[in-house]
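> Have a look at the structure that comes next, please.
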Amino acid sequence: MSPSRVPAVLFDLDGTLIDNEPHYYEAGRLLLARYGVDDFTWEHHSRFIGISTWETLVALRGEYGIDAPVERLLAEKNALYLDLVRASTEVFPEMRKFVERLYAEGVRMAVASGSSGEAITAVLGVTGLDAYFTTTVSAEEVPRGKPAPDVFLEAARRLGAAPAECVVLEDAIPGVEAARAAGMRCVAVPYVAALAGDPVYATAGLLFPGGQRAFTADAAHAWVFGPDERP
327 MSPSRVPAVL FDLDGTLIDN EPHYYEAGRL LLARYGVDDF TWEHHSRFIG ISTWETLVAL
387 RGEYGIDAPV ERLLAEKNAL YLDLVRASTE VFPEMRKFVE RLYAEGVRMA VASGSSGEAI
447 TAVLGVTGLD AYFTTTVSAE EVPRGKPAPD VFLEAARRLG AAPAECVVLE DAIPGVEAAR
507 AAGMRCVAVP YVAALAGDPV YATAGLLFPG GQRAFTADAA HAWVFGPDER P
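Going by the working numbering, the first residue of the sequence shown is number 327, and it counts up by one from there.
See the structure below:
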């Protein structure tokens with residue numbers, strides 16, 4: 327494959343590269359407990375998987391009648407989340423293998439996430455992924471979070487890639503929708519495998535219905551580049 331035809335690969339972070347949704351849930355649970363909410367369950371949290379932290383807090387603030395400004399809630403949740411991240415954060419093994427392979431081949435890569443910029447930097451540093459990603463985009467840096475295409479389009483711009491050249495790796499329905507809205511190919515690896523039958527996932531070019539347990543770097547690479555072509 328000639329250098330001009332090598333795609334750029336854009337990775338979602340939370341639930342795609344790293345298994346940190348439990349951290350986000352726990353940070354949200356602890357935050358809401360401060361404001362008198364003691365019944366925030368994983369089921370409640372799962373409604374917001376793939377949605378930016380800011381938009382999640384806007385929704386939760388309204389749902390639970392919390393008076394604190396969203397800016398304060400965001401700062402508090404980020405602090406709680408970062409404490410959890412620094413204590414323990416795991417990269418999905420096959421995802422790390424895929425990233426390392428793309429890096430060795432000189433493929434342009436970026437992280438495009440609904441997390442805060444501070445959280446992205448902390449996660450990449452703790453996991454060592456900062457050695458591979460020099461381009462990142464947070465939802466804080468664009469007008470709209472996923473399912474709008476803004477973070478992916480901005481990542482493509484920073485990489486100097488046309489949207490049609492880009493492949494997105496995503497775990498959540500809003501992210502798959504955002505990739506499609508951006509005009510990019512998508513590899514979907516559902517974080518909640520039970521939701522793999524949702525029609526949105528069927529729009530992805532490559533779907534791993536079993537989630538991370540089914541994902542392999544070899545299968546993803548073969549689909550992105552073609553079985554007989556290499557960068």
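The beta carbon of each residue, even a glycine, is placed where N, CA and C say it ideally should be.
Report buried or exposed for L336, applying the criterion of at least 16 other Cβ atoms within 10 angstroms of its Cβ.
Buried, because 16 or more other Cβ atoms sit within 10 Å of the Cβ of L336.
> Take P475 as the anchor and find which of G391, D456, L400, C492 has the nearest alpha-carbon.
Cα-wise, what sits closest to P475 is C492.
> Locate the beta strand (DSSP E) running through A546, then write down its first and last residues.
Premise fails: A546 lies in the alpha helix (DSSP H), 543-551, not in any beta strand (DSSP E).
> Give a yes or no on whether the C-beta atoms belonging to V452 and R412 are separated by under 8 Å.
Result yes, Cβ atoms of V452 and R412 sit closer than 8 Å.
> Of all the beta strand (DSSP E) runs that stay within the bounds of the stretch 368-451, which reach a length of 3 or more residues?
You should have 435-439.
> Does DSSP put L533 in a helix, a strand or coil?
L533: strand per DSSP, three-state reduction.
> Cutting at 8 Å between CB atoms, please list the residues of its own chain near A488, excluding the five before and the five after it.
Cβ within range, chain order: A482.
> Taking only three categories from DSSP, how would you classify R470?
Of the three classes helix, strand and coil, the one that applies to R470 here is coil, per DSSP.
> Give a yes or no on whether the C-beta atoms belonging to R355 and F366 are separated by under 8 Å.
Yes, the pair counts as a contact, with Cβ atoms nearer than the cut-off.
> Contact between the stretch 511-518 and the stretch 526-536 is defined here as three or more beta-carbon pairs at a separation below 8 Å; is this criterion met?
Because the criterion of three Cβ pairs below 8 Å is met, the stretch 511-518 and the stretch 526-536 touch.
> Taking the beta strand (DSSP E) that E347 falls in, what are its first and last residues?
Careful: E347 lies outside any beta strand (DSSP E), inside the alpha helix (DSSP H) at 347-360.
> According to DSSP, is V463 part of a helix, a strand, or is it coil?
DSSP places V463 in strand when its eight states are reduced to three.
> Where does R506 land, buried or exposed, given buried means 16+ other C-beta within 10 angstroms?
Buried is the call here.
> Excluding the 5 residues flanking A438 on each side, which residues of the same chain have their C-beta closer than 6 Å to its C-beta?
Closer than 6 Å at the Cβ level, and outside the excluded window around A438, lie L336, V463, V477, F478, A481.
> For P502, which of helix, strand or coil comes out of DSSP?
In the sequence as presented, Pro is not what sits at residue 502; that position holds Val. Of the three classes helix, strand and coil, the one that applies to V502 here is helix, per DSSP.
> Among V396, W368, H371, which has the Cα closest to the Cα of W380?
When each option's Cα is compared against that of W380, the closest is V396.
> Would you mind stating whether S418 and A543 have Cβ atoms separated by less than 8 Å?
Looking at the sequence itself, residue 418 is Phe, so the reference to Ser does not match. No.
> So, is G501 buried or exposed, given that buried needs 16 or more other C-beta atoms within 10 angstroms?
Buried, since its Cβ has 16 or more Cβ neighbours within 10 Å.
> For R434, count the other beta carbons within 10 Å of its own beta carbon; 16 or more makes it buried, fewer makes it exposed. Which is it?
R434 comes out buried.
> Is the Cβ-Cβ distance between A359 and N404 less than 8 Å?
No, Cβ-Cβ distance for A359 and N404 is not below 8 Å.
> Are the beta-carbon atoms of A508 and G341 separated by less than 8 Å?
Against a cut-off of 8 Å, the Cβ pair of G341 and A508 comes out as no contact.
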